[in-house]
Structures are given as C-alpha cells and as structure tokens.
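J.: Residue 44 in our numbering is what sits at position 33 of the sequence shown, and the numbering runs on without skipping anything.
Don't be surprised by glycine CBs; every beta carbon is placed ideally from N, CA and C.
Dropping the structure in here first, questions after.
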Amino acid sequence: MKPASEIISRPILTEKASGLAETNKYVFEILPGADRAQVKTAIEAAFKVTVQKVNILIRKGKVRRSRLGGGAIYTESVSRRAIVTLKKGDVISLA
Numbered sequence: 012m013k014p015a016s017e018i019i020s021r022p023i024l025t026e027k028a029s030g031l032a033e034t035n036k037y038v039f040e041i042l043p044g045a046d047r048a049q050v051k052t053a054i055e056a057a058f059k060v061t062v063q064k065v066n067i068l069i070r071k072g073k074v075r076r077s078r079l080g081g082g083a084i085y086t087e088s089v090s091r092r093a094i095v096t097l098k099k100g101d102v103i104s105l106a
C-alpha cells in the first residue's frame, strides 16, 4: 500500500470546503487510483483522527482556450476529490 503522502495530494481550501469543515467534513485532492479504504487509512494515519465516511467525486477538467498558438483549445486534467467525514469531536487543522 502507498504511503499517506502519496494518496493525499493536497487539501482543498475553498469557500465551499470551509463551509463543509464546520460540519466536520474535509475535502482533499487524492491520487487517481485511490479507493475509499486507502483514503480512509491515509487520513487516519496522517492526521490521527477517526474517519466515519468517505465520498469520492471526479472533477472534470475545464475546456480552456489558449491565448498563444492561434487560440488552441485544450482541456485541463481531471482530478479526484474525497470528502471525508470525521467522528464528532475530531478536528483537522488545515490553516
């Protein structure tokens, strides 16, 4: 099994993610091949908390137009995110 630092790419720090943190849910960008069980063990090992639930979503890449190269159209890469629900009383300090 891969170490936690490889499974969890980075925390997502947006306004929506901050709102979820108030309800004990935290959002992380994860490795494309990671499953729920791997994410759960990685979060528990990295932050010493108890995970109750893991929801995984796939964020499709946006279509962009380049200013260089005659307005070539390209697509950003696809990313996977995990919304992790913690046991009541557990907190992850991301700031």
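Secondary structure at V60, three-state DSSP: helix, strand or coil?
T.: The answer is coil: DSSP assigns V60 none of H, G, I, E or B.
J.: Measure the alpha-carbon distance for A53 versus K99 and round it to whole angstroms.
T.: Computed Cα separation, rounded: 19 Å.
J.: Of all the options L79, K73 and R78, which has the alpha carbon lying nearest to the alpha carbon of E87?
T.: Residue K73 is the option with its Cα nearest to E87.
J.: Would you identify the three-state DSSP class for S77, choosing helix, strand or coil?
T.: Three-state result, S77: coil.
J.: Should V95 go down as buried or exposed, given a rule of 16 or more other Cβ atoms within 10 Å for buried?
T.: When all chains shown are included, V95 counts as buried.
J.: Bridge partners of N66, per DSSP?
T.: In the DSSP output, where bridge partners are listed per residue, N66 has I94.
J.: Check T52 in the structure and name its three-state DSSP category.
T.: If DSSP states are grouped into helix, strand and coil, T52 belongs with the helices.
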